[in-house]
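Residue numbers (the working numbering): 3 to 163. Idealized CB from N, CA, C, for every residue including glycine. Computed from a prediction, not measured in an experiment: that's the story for all the values here. For reference, the structure is listed below as structure tokens.
Take a look at the structure:
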């Protein structure tokens with residue numbers, strides 16, 4: 003599969019949200035219950051409040067999208083200005099094909115160029131091995147709460163030389 007990384011724009015957020023919901027429900031179900039997946043990524047169109055919140059978060063970040071030759075959105079990620087991977091999701095059809103690794107590597111390079119000393123992420127069960135392969139290490143266990151539902155994950159960090 004040929005993938006091109008392109009700067010993520012606010013106009014991409016609705017498509018990114020749809021991919022996020024698909025990824026959580028198709029891939030997240032390997033590690034999380036249906037109740038957890040629904041709390042994490044409620045099915046349906048992107049609510050206006052989420053669009054506004056994602057736009058604010060993207061505004062303080064560098065975002066990339068992975069686009070297949072046919073124009074399909076294969077994944078997206080963004081790195082906050084202080085070095086946190088705030089989002090990283092891959093379409094179910096593109097999972098296991100190196101899309102996440104390419105997004106991580108590109109945003110890591112951005113962090114290095116910005117002079118960041120360290121990158122961090124709250125990694126889900128599915129994301130943890132991808133970030134470990136990229137050199138991130140678990141710092142601690144973490145629980146994220148979404149609509150009163152606990153989602154276990156890990157705080158992971160990577161020093162940038």
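Starting from the C-beta of residue 64, find all residues in its chain whose C-beta is less than 7 Å away, skip the five residues before and the five after it, and write them out in chain order. 80, 81, 109 and 112
Spatially closest choice to residue 78 from 84, 85, 72 and 60, by CA coordinates: 60
Shortest alpha-carbon distance to residue 16 belongs to which of 27, 38, 8 and 46? 46
Residue span of the beta strand (DSSP E) that contains residue 147, given as start and end: 139-148
With H, G and I counted as helix, E and B as strand and the rest as coil, what does DSSP make of residue 35? coil
Between the CA atoms of residue 57 and residue 140 - distance to the nearest angstrom: 29 Å
Where in the region 85-162 do unbroken runs of the beta strand (DSSP E), each at least 3 residues long, occur, reported from the N-terminal end onward? 86-92, 120-125, 139-148 and 151-161
Segment contact, 8 Å Cβ cut-off, at least three pairs: the region 92-106 with the region 141-148: no
Taking its Cβ as the centre, do 16 or more other Cβ atoms sit within 10 Å of residue 62, making it buried, or is it exposed? exposed
Is there contact between the region 30-38 and the region 67-74, where contact requires at least three CB pairs shorter than 8 Å? no
Three-state secondary structure (DSSP) of residue 30: helix
Nonlocal neighbours in the same chain, by C-beta distance under 6 Å from residue 160, ignoring five residues either side: 121, 137 and 138
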